[in-house]
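Take 2 as the starting number for the sequence shown in this note's numbering and just add one per residue.
Glycine is no exception: its CB is placed at the ideal position from the N, C-alpha and C atoms.
What follows is a set of notes on a single structure, which appears directly below.
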Amino acid sequence: MGPELRESVDAFVRENKVVLFMKGTKAAPRCGFSNTCVQILQNMNVPFADVDILANEDLRQGMKEYSSWPTFPQLYIGGEFFGGCDITVEAFKDGSLKEELERAMME
């Protein structure tokens, strides 16, 4: 990931309390895992920014390095990498996702 792209991602993740880097968009997810995360966030009435990593190959490859996470979707909460689909689903089930989102919304 080049320095300009890193700066752009840093700024975007800081400016938006919840960001989902995903395949497709929240209006039209292009993979089941991305769709699952969108459904969870929408079910929780969480406003979130979405970024279609399929639209930019440099971004798609760079985000793997940026997060040290090899797959998508990637959820960021409060400027920090939270996890992928499996982690998001588990956190939704055990209530820790709600706590993390509430904490981020208060900041």
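Asked                                                                                                                                                     : Found
Round the Cβ separation of Y77 and V20 to the nearest angstrom and send it over; I've been treating them as touching at under 8 Å.                        : 4 Å
Excluding sequence positions up to five away, which residues of its chain have a Cβ less than 6 Å from the Cβ of F82?                                     : S68
To the nearest angstrom, report how far apart P48 and T26 are at their CA atoms.                                                                          : 14 Å
Short of 8 Å in beta carbon distance, which residues of its chain neighbour R7, apart from the five on each side in sequence? Order them along the chain. : G63 and Y67
Going by other Cβ atoms of all chains shown within 10 Å of its Cβ, with 16 needed for buried, is S97 buried or exposed?                                   : exposed
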